[in-house]
Amino acid sequence: MKLAKLSLAAIMAAGAFSVANATPLEDAIKGVNLSGYGYYRFHDQSAQEAYSKVEIRVGLTGAVSENVQYYVRATMDRLTRTNAAVGKGSFLVDRAVMSYTGFKYTKVMLGRMYTGTPLDDTDAVGLKVLVSPVAGLTLAGAYFTDNSAVTNAATAVAAIYSNDMFNARAWYVKLDPENSSANNGADFIFVEGGANVGPVAVKAQYAQANPDGVAPTASTIRIQASGKVGPVTLRAGYVTNDKDAGNVTIDGSWEGDNDLIYGGIYGLVQINEADENAYFGEVKGSFGPFAVKAGYVSYDNGTYDDQYYGQVGYKVSKKLSTYVRYGSASPVAAGADDKTLARFQAQYNF
Numbered sequence: 023m024k025l026a027k028l029s030l031a032a033i034m035a036a037g038a039f040s041v042a043n044a045t046p047l048e049d050a051i052k053g054v055n056l057s058g059y060g061y062y063r064f065h066d067q068s069a070q071e072a073y074s075k076v077e078i079r080v081g082l083t084g085a086v087s088e089n090v091q092y093y094v095r096a097t098m099d100r101l102t103r104t105n106a107a108v109g110k111g112s113f114l115v116d117r118a119v120m121s122y123t124g125f126k127y128t129k130v131m132l133g134r135m136y137t138g139t140p141l142d143d144t145d146a147v148g149l150k151v152l153v154s155p156v157a158g159l160t161l162a163g164a165y166f167t168d169n170s171a172v173t174n175a176a177t178a179v180a181a182i183y184s185n186d187m188f189n190a191r192a193w194y195v196k197l198d199p200e201n202s203s204a205n206n207g208a209d210f211i212f213v214e215g216g217a218n219v220g221p222v223a224v225k226a227q228y229a230q231a232n233p234d235g236v237a238p239t240a241s242t243i244r245i246q247a248s249g250k251v252g253p254v255t256l257r258a259g260y261v262t263n264d265k266d267a268g269n270v271t272i273d274g275s276w277e278g279d280n281d282l283i284y285g286g287i288y289g290l291v292q293i294n295e296a297d298e299n300a301y302f303g304e305v306k307g308s309f310g311p312f313a314v315k316a317g318y319v320s321y322d323n324g325t326y327d328d329q330y331y332g333q334v335g336y337k338v339s340k341k342l343s344t345y346v347r348y349g350s351a352s353p354v355a356a357g358a359d360d361k362t363l364a365r366f367q368a369q370y371n372f
C-alpha cells in the first residue's frame, strides 16, 4: 500500500494501529537472560613477544515459545603486543543457536554452536540432537559444516552416562574433506571411564586419531586420581602416547582446548609428542578469598625434563576475580634456557 494514496485520517489511523501493536521494550526483553564476562590479561612467555589483551563476551538466552529457545553470543577482543604501536581487534558472533524441546526426552539444536566433542573446542554450523531416554544416559548425534578450526565437515555420535558413583562416555567423530581427492579427513575415537568413591575420584581416557593418507595413527592413554581433604584438593596422573604420533586433537590445538587429562600449565609444554610419557602431581586449595595452586610435571620426551608451576588467585568481590600464574620448564639439552610463562588476569563476570 502506497502512503500517497491514503488520506490524512487513514495515515493517522495506520500509525496509531502500528504503535498500538508494537511490543513495549520492557516486554520484549522480559525473560531474556544476559551473561558474560570481561577481562584484562598480561601474558609474557619466553621466545615470544609479551602482549596485553582485553576481551568482552556477551551471551543472550531467551524463549521464542514454550518449546523453542535461542542463544546468541558475541565476543570482542583487542590484543596489543609490547612493541607494537597499534593493537589488533576482532568482533565475532560465534554462537547463534535455536533449540527445540517439543519431542519427549529430546533436544534438537540448529545453528552455529560449540561442537561439544571432547577433542576440540571449536564452533561450527550444524545440527545436534541429544536424547535422554533414561536417567543418567544421553545419546548424541551431530553433523557440522564450516568448522572454525579444520574447515571439514564433521559427523559425530556419542553415548554419555553418569550417576553418583560411575560415569562414562564414548565418542566417534569422522572428518570429511571438502575436496574428495584430498587426504585430510580422519576418524577419531574417545573413550572415558570414571568412578567416585567418597572423596576420591579416578578417571581413565583412551583417544585415537586415524588420519586418511600417509599420516600415522596417533593414540594416547591418560589416567588421573584426585581427592579432597577439607579445602585442599590433590591430583596426580600419568600420560603415555604411542610410538608413531601423540596428537589426537581434532583441531590440532594444545590440551587446554579439550577434555583430555592434562598436567601443567596450558601452553607451556604440550603433551602430544610420539612415544612421550609424563607424570604429574598438583595441589590446590581455597582459603577465604584466596585460591592457590602448585604442581610438577616430569617429562620423558627428549625435549624437556620437568615443569614447575604455581598460581595465586584473589576474589575481590562476587563478580570480580584476579590471578597471577607462573611456570617454568627445564630443557634436556645442557646450557639451554628454561621455557617460562607468566600471566596476570583480572576478570569481571556478569
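Its first residue numbered 23, the sequence shown is counted upward by one per residue in our numbering. C-beta: ideal position from N, C-alpha, C; glycine also.
- Checking the DSSP bridge columns, you'll see Gly349 partnered with Tyr331, Leu363.
- The beta carbon of Ala178 sits closer than 6 Å to those of Thr139, Ala164, Val195, all from its chain and outside the five residues before and after it, given in chain order.
- Counted as a single uninterrupted DSSP element, the stretch harbouring Tyr284 is not any beta strand (DSSP E), since DSSP gives it neither H nor E.
- For Asn323, there is no enclosing beta strand (DSSP E), as DSSP marks it with neither H nor E.
- Take Arg100, set aside five residues on each side of it, and the residues of its chain with a beta-carbon closer than 6 Å to its own are Val76, Gly109, Gly111, in chain order.
- A distance below 7 Å between beta-carbons, with the five flanking residues on each side excluded, links Lys129 to the following residues of its chain, in chain order: Ser121, Thr123, Leu152.
- In this structure Phe302 is buried. Its beta-carbon is surrounded by 16 or more other beta-carbon atoms within 10 angstroms.
- Residue state for Ile245 is assigned as strand, using DSSP reduced to three classes.
- Its Cα nearest to that of Tyr318, the residue Ile287 stands out among Ser308, Phe210, Ile287.
- Distances from the CA of Ala358 to each of Lys52, Thr325, Thr137, Tyr183 were compared; the closest alpha carbon is that of Thr325.
- With 16 or more other Cβ atoms from the protein chains shown falling within 10 Å of its own Cβ, Ala180 counts as buried.
- In the same chain as Asn55, and ignoring 5 residues on each side of it, the C-beta atoms closer than 6 Å to its own belong to Thr83, in chain order.
- Here Thr144 is buried, its C-beta having at least 16 other C-beta atoms within 10 Å.
- Positions of the beta strand (DSSP E) runs, each at least 3 residues long and wholly inside the stretch 48–121, are given as 55–67, 73–85, 90–103 in order along the chain.
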